[in-house]
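First up is the structure itself, then whatever we jot down about it.
In this note's numbering, the protein residues as written are 223 to 468.
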């Protein structure tokens, strides 16, 4: 698969504190790369670097083989903070306002198609304040997808969802990847990682402990895979890193 997002030797320091340490990873079109790590591991900082909400101290980020510019940024759909909506408005109205603010062209048919894609009915006139958490996550995805990006970067899309909503979100993400989207997401729900990921990375105190295809990890660790992931999330980040790549 062709890499679409490439992070090379990224470092991020805040004063004397190193938050991201010499991190490299790539995500290809059709790939769901799940980044695991406890709170404080550096995942949120990494996503902020991709979003250009912070600048790396060292290293490079490229999208489709090009540095991030205003043009390449349009190829990214991103949600890295708790999504904020206009609570008294419908999902459709929220998307219209978002597109106006971001200066995205929008047709009624495309808006309707995007809502249907994420499993929301375009004709639904319910205010967002009455949405379930699962519906809010779907609206978040619709907002990320409305401009037809090639890369999706989302922070904890499964967090707080009930089992049925997790299953629906998992199916949706896999369908998006199958359509050719490159997906980078964070999660701490280990039981769901194997059901959605094609590649897994673990961060621990700013260090990418390993980056490996799920199939390779399953072959090597079998039923002990979850134990191994927990060990890497909680162990000494300075120990030798482990990598398998196809």
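Virtual Cβ for every residue (Gly too), placed ideally from N, Cα, C.
Could you pull the start and end residues of the beta strand (DSSP E) that residue 432 belongs to?
-> 429-435
Excluding the five sequence neighbours on either side, which residues of its own chain have a C-beta within less than 6 Å of the C-beta of residue 305, listed in chain order?
-> 362
Closest residue to residue 253 among 393, 456, 399 and 424 (Cα-Cα distance) = 399
According to DSSP, what are the bridge partners of residue 377?
-> 408
Would you mind sorting residue 336 into buried or exposed? The rule is 16 or more other CB atoms within 10 Å of its CB.
-> buried
Per-residue burial, residue 377 [other beta carbons within 10 Å of its own, 16 or more giving buried] | buried
Where residue 270 and residue 238 are concerned, what is the direct C-alpha to C-alpha distance, given to the nearest angstrom?
-> 19 Å
Residues near residue 340 in its chain [Cβ-Cβ closer than 8 Å; skip 5 each side] | 360, 361, 363, 364, 367 and 394
For residue 242 and chain C, any beta-carbon pair shorter than 8 Å?
-> No chain C is part of this structure, which consists of one protein chain only.
Residues bridged to residue 289 (per DSSP) | 284
Three-pair Cβ contact test at 8 Å for the segment 419-426 versus the segment 272-284 = no
So which of 331, 325, 389 and 329 has the shortest CA-CA distance to residue 356?
-> 389
Using the beta-carbon count (16 or more within 10 Å), is residue 409 buried or exposed?
-> buried
State the DSSP-derived secondary structure class of residue 332, mapped to helix, strand or coil.
-> helix
From residue 464 to residue 369, what does the alpha carbon distance come to, in whole angstroms?
-> Per-residue confidence for residue 464 stands at a pLDDT of 44, beneath the threshold of 50, marking its modelled position as unreliable; no derived number is given.
Distance, residue 243 Cα to residue 331 Cα = 45 Å
Taking Cβ to Cβ, would you say residue 227 is nearer than 8 Å to residue 406?
-> yes
Using the DSSP secondary-structure output, state which residues sit across from residue 356 in a beta bridge.
-> None, per the DSSP bridge assignment.
Considering only residues of the same chain and omitting the five flanking positions on each side of residue 456, which have a CB-CB separation below 8 Å?
-> 260 and 426
Identity of the residue in 247, 434, 418 and 343 nearest residue 315 by Cα = 343
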